[in-house]
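K.L.:
Input: one structure, supplied below.
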Amino acid sequence: MPPRIPVQPRALRILKTPSHYQSYASLTAATSTATTPAFPPSQPIRSAPPIRRYPPTQPPSHKPPEVRKSQLHRQYQSLLKSSPLILLFQHNNIKAVEWMGIRRELVSALRKVDAEKLKIDPNAKGLFAEDIRLQIIQTGIFASAMRVVEFFDPREGLGNRIEEEVFTHGLSRRAHEAASNRKAKMELDPLLSGPLAVIAFPTVSPQYLKTVLSILSPSPAFPAPRRKANPDYHDPLVQAGLQKLLLLGARVDGKVFDLEGTRWVGGIDGGIDGLRAQLVHTLEGAGASLANALESASKSLYFTLEGRRLDMEEKEKGPETAAATEEKTE
Amino acid sequence: MITRFLTEVRVKFNPFSPRSKSARLVLTLIPSNARADGMMVESKMLPRDSKEPASLGVKFKDGKEMKLDLDKMRITEVVEEVDRHSRLLARQEELAGN
Chain F
0 MPPRIPVQPR ALRILKTPSH YQSYASLTAA TSTATTPAFP PSQPIRSAPP IRRYPPTQPP
60 SHKPPEVRKS QLHRQYQSLL KSSPLILLFQ HNNIKAVEWM GIRRELVSAL RKVDAEKLKI
120 DPNAKGLFAE DIRLQIIQTG IFASAMRVVE FFDPREGLGN RIEEEVFTHG LSRRAHEAAS
180 NRKAKMELDP LLSGPLAVIA FPTVSPQYLK TVLSILSPSP AFPAPRRKAN PDYHDPLVQA
240 GLQKLLLLGA RVDGKVFDLE GTRWVGGIDG GIDGLRAQLV HTLEGAGASL ANALESASKS
300 LYFTLEGRRL DMEEKEKGPE TAAATEEKTE
Chain D
0 MITRFLTEVR VKFNPFSPRS KSARLVLTLI PSNARADGMM VESKMLPRDS KEPASLGVKF
60 KDGKEMKLDL DKMRITEVVE EVDRHSRLLA RQEELAGN
C-alpha cells in the first residue's frame with residue numbers, strides 16, 4: 000500500500016514548475032514520433048535553481064531567531080537606526096510604581112508640547128509625543144546591537160559575490176562577524192554597562208528634548224515644572240524615582256555627547272530650522288556687508304563727481320538763480 | 000553591601016571613563032528605599048574630558064568617614080572596604096542587645 004502522506008514536502012512541490020513536466024512530456028512525444036535531437040541547441044544547459052530552504056521573509060539568522068535575545072537584538076538595531084537622538088540613563092533600583100509615575104509625567108509633559116504645537120498651527124506635522132518613550136534595555140544586547148549598527152555595512156563586499164546568496168540583515172553571520180571585531184572601539188562603550196534605560200526620539204527636536212530634560216533631569220537651564228503648575232510631578236513617588244535616575248549621555252546623529260553637550264543640544268532654539276535661520280542670517284549679513292564694501296568706492300566717486308558738477312553749475316549760473324530765488328521769495 | 004549603617008554616600012565620576020564602572024555600580028547597590036530612610040546620596044557627574052579620578056565618600060552612623068579612590072578598585076574591593084566597618088557596627092549593635 001502506498002503511503003497516505005505524500006512524501007514530497009510542500010516546498011519541493013511548489014518549486015517544481017509545471018513547465019518542467021511539460022518539457023519532459025513534449026520530449027517523450029518527440030522521441031517517439033520523430034528523430035529530432037532531445038535539446039534544442041540554442042537552449043543553454045543549466046541545472047535547476049537550488050531549492051530555497053527558508054521563506055523569503057525569514058532569511059537565516061546567525062543566532063537562533065526564536066529566542067528572546069535575538070529578537071531584542073533586532074529590535075535594538077532598528078531603534079538605533081531609526082532614532083537620531085537617544086538619551087542614555089542609568090536607573091538604580093527604581094520600583095515599578097516609581098517608574099509608572101515617571102512615565103506618566105513624561106507622557107503628560109510631551110502631550111502638552113504637542114498641544115502647544117497644534118495651537119500654533121492646527122495642521123502641524125511632527126507631533127512625537129506618542130513616539131517618545133522611556134524604555135529599559137538589556138545592556139549587553141544593546142551594546143552588541145550598537146556594534147552591528149556602527150560597524151556592519153550591508154553593501155560592503157557585495158560586488159564580488161553576486162552568484163552566492165549574501166545576507167544583508169542585521170542578524171546574519173556577516174553582521175555578527177563585522178561586529179565581533181574586537182579592535183573596533185565605540186565611543187559609547189564605557190557608558191554601556193550597568194542598568195540602563197533609553198529614550199529614543201524619532202527626530203532631533205530640541206523642543207521635545209527640552210521637555211524631557213526638564214522632567215527627568217532638571218537643571219537651572221531646564222527647570223522642573225513648579226509645584227503649582229504640576230502638583231503630580233512633585234508626588235513623593237515620582238521624586239523618589241527621579242533621584243535614582245541619572246542622565247549619562249546622548250547619541251545624536253551618531254555622535255556622542257556628555258551631559259553638558261546634551262543640554263547644549265536641548266538649548267538650541269527652534270531646532271534645526273532655527274539653526275538654519277541663524278546660518279542664513281549670518282550669511283546674509285556677510286553678503287550685505289561685502290556688497291556695501293564693493294559699492295562704497297564707486298558710490299563715493301559718484302558723489303564727489305556729482306557734487307563737483309552741482310558746484311560748477313551753481314557757479315556758472317550763480318547770479319541768475321540767486322535772483323530767481325529772490326523773486327520767488329518776494 | 001551592608002547599607003544599614005551609612006548616612007551619607009557621595010559619588011563623583013566621569014561616565015565616559017572606563018574606570019568609573021565601579022562608581023556607577025556602587026550607586027546600584029544602594030537599596031531603593033534608602034533615601035526615604037534618611038540616607039543622603041549625592042552623585043556628581045564630571046564632564047567628559049576631565050581626568051579627575053572617580054571617588055566615593057561614605058559617612059557611617061558613628062561618624063566615621065571614609066574616602067575611597069574608585070579608579071583602581073573593583074566593585075568587590077569597594078564593598079569589602081565599606082563592609083569592614085559596617086560589620087563592626089553591626090556587631091556592636093548586636094552586643095548592645097538591640
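Residue numbers (numbering that gives the first Met the number 0), protein chains in the order written: chain F, 0 to 329; chain D, 0 to 97. Cβ coordinates follow ideal geometry from the N, Cα and C atoms, glycine included.
#1: Return the CA-CA distance between F/Leu332 and F/Tyr301, expressed in angstroms with no decimal places.
#2: Just checking: is the beta-carbon of F/Gly193 within a distance shorter than 8 Å of some beta-carbon in chain D?
#3: Please name the residue, chosen from F/Arg262, F/Pro63, F/His72 and F/Asp310, that lies closest to F/Leu208 on a Cα-to-Cα basis.
#4: Indicate whether D/Ser54 and D/Asp68 have their beta-carbon atoms separated by less than 8 Å.
#5: Expressed to the nearest angstrom, what Euclidean distance is found between the alpha-carbon atoms of F/Gln70 and F/His168?
#6: Quick check on F/Ser22: does DSSP put it in helix, strand or coil?
#7: State yes or no: is the beta carbon of F/Arg225 nearer than 8 Å to at least one beta carbon in chain D?
#8: Residues in the stretch 39-51 of chain D with C-beta within 8 Å of chain F's C-beta atoms, listed in sequence order?
#9: Could you tell me whether the Cβ atoms of D/Ser42 and F/Leu187 are closer together than 8 Å?
#10: Cβ of D/Ser16 less than 8 Å from any chain F Cβ?
#11: What does F/Gly266 reach in chain D if we use C-beta pairs closer than 8 Å?
#12: Roughly how many angstroms separate the alpha carbons of D/Lys49 and D/Asn13, rounded to a whole number?
#13: Can the beta-carbon of F/Ser82 be found closer than 8 Å to that of F/Phe200?
#14: Using the beta-carbon count (16 or more within 10 Å), is F/Lys227 buried or exposed?
#15: Keeping to the same chain, check which residues put their C-beta closer than 7 Å to that of D/Arg73; ignore five residues upstream and five downstream.
#16: Which residues does DSSP list as the beta-bridge partners of F/Ile198?
#17: What is the residue span of the alpha helix (DSSP H) that F/Glu259 lies within?
#18: Starting from F/Ser81 and walking both ways along the beta strand (DSSP E), at which residues does that stretch end?
#19: What residues are listed by DSSP as bridge partners for D/Gly56?
#20: Looking at chain D, is there any beta carbon in it that lies within less than 8 Å of the beta carbon of F/Lys342?
#21: Please classify F/Gly240 as buried or exposed, where buried requires at least 16 other C-beta atoms within 10 Å of its C-beta.
#22: Using the Cα positions of F/Thr303 and F/Gln206, report the straight-line distance between them to the nearest angstrom.
#23: Pull up the CB-CB distance for D/Phe4 and D/Leu94, whole angstroms please, since I reckon it's below 8 Å.
#24: Using the C-alpha atoms, what's the distance from D/Phe15 back to D/Arg9?
P.N.:
According to the structure data:
#1: Residue 332 of chain F cannot be examined here, being either before or after the span of chain F that is shown, 0 to 329.
#2: Position 194 of the first sequence, counted from the first residue, corresponds to residue 193 of chain F. F/Gly193 counts as touching chain D.
#3: As a first step, residue 208 of chain F is located in the first sequence; it is residue number 209 there, counting from the start. Checked all of F/Arg262, F/Pro63, F/His72 and F/Asp310; the closest Cα to F/Leu208 is F/Arg262.
#4: As a first step, residue 54 of chain D must be located in the second sequence, where it is residue number 55. As a first step, residue 68 of chain D must be located in the second sequence, where it is residue number 69. Contact: yes.
#5: Sequence index remark: in the first sequence, residue 70 of chain F carries index 71 (1-based). Sequence index remark: in the first sequence, residue 168 of chain F carries index 169 (1-based). The alpha-carbon atoms of F/Gln70 and F/His168 are separated by roughly 13 Å.
#6: Locating residue 22 of chain F in the first sequence gives position 23, counting from the first residue. With a pLDDT of 46 at F/Ser22, under the threshold of 50, the modelled position of this residue cannot be trusted, and the question is left open.
#7: On the first sequence, residue 225 of chain F is found 226 positions in, with the first residue counted as 1. By this cut-off, F/Arg225 is not an interface position.
#8: Val40, Ser42, Met44, Pro46 and Arg47
#9: Residue 42 of chain D sits at position 43 when you count from the first residue of the second sequence. Residue 187 of chain F sits at position 188 when you count from the first residue of the first sequence. No, the Cβ-Cβ distance between D/Ser42 and F/Leu187 is not below 8 Å.
#10: As a working mapping, residue 16 of chain D is identified with position 17 in the second sequence. Yes, its Cβ sits closer than 8 Å to a Cβ of chain F.
#11: One-based indexing of the first sequence puts residue 266 of chain F at position 267. Within 8 Å Cβ-Cβ: nothing; F/Gly266 doesn't reach chain D, min ~16 Å.
#12: Position 50 of the second sequence, counted from the first residue, corresponds to residue 49 of chain D. Position 14 of the second sequence, counted from the first residue, corresponds to residue 13 of chain D. Residue identity check: residue 49 of chain D is Ser in the sequence provided, not Lys. D/Ser49 and D/Asn13: Cα-Cα distance of roughly 7 Å.
#13: As a working note, residue 82 of chain F is residue 83 in the first sequence. As a working note, residue 200 of chain F is residue 201 in the first sequence. Yes, Cβ-Cβ distance for F/Ser82 and F/Phe200 is below 8 Å.
#14: Here the question's residue 227 of chain F lines up with position 228 in the first sequence. Flag for F/Lys227 reads exposed.
#15: Against the second sequence, residue 73 of chain D aligns to sequence position 74. For D/Arg73, where only same-chain residues beyond five positions count, the Cβ hits under 7 Å are Ser21.
#16: The residue given as residue 198 of chain F occupies position 199 in the first sequence. F/Leu86 and F/Leu133, per the DSSP bridge assignment.
#17: Locating residue 259 of chain F in the first sequence gives position 260, counting from the first residue. Unbroken alpha helix (DSSP H) run through F/Glu259: Leu258 to Gly265.
#18: In the first sequence, residue 81 of chain F corresponds to position 82, counting from 1. Note, F/Ser81: premise wrong, no beta strand (DSSP E); alpha helix (DSSP H) at Arg67 to Ser81.
#19: Locating residue 56 of chain D in the second sequence gives position 57, where the first residue counts as 1. D/Arg9 and D/Lys66.
#20: The displayed coordinates of chain F run from 0 to 329. Any statement about residue 342 of chain F would go beyond what the structure contains.
#21: Translated into the one-based positions of the first sequence, residue 240 of chain F becomes position 241. F/Gly240 is buried by the Cβ-count criterion.
#22: In the first sequence, the residue the question calls residue 303 of chain F occupies position 304. In the first sequence, the residue the question calls residue 206 of chain F occupies position 207. Each residue's Cα considered, the two are about 54 Å apart.
#23: As a position in the second sequence, residue 4 of chain D is number 5, starting the count at 1. As a position in the second sequence, residue 94 of chain D is number 95, starting the count at 1. That belief does not hold up - the Cβ atoms of D/Phe4 and D/Leu94 are roughly 15 Å apart, past 8 Å.
#24: On the second sequence, residue 9 of chain D is found 10 positions in, with the first residue counted as 1. On the second sequence, residue 15 of chain D is found 16 positions in, with the first residue counted as 1. Answer to the nearest angstrom: the Cα atoms are 19 Å apart.
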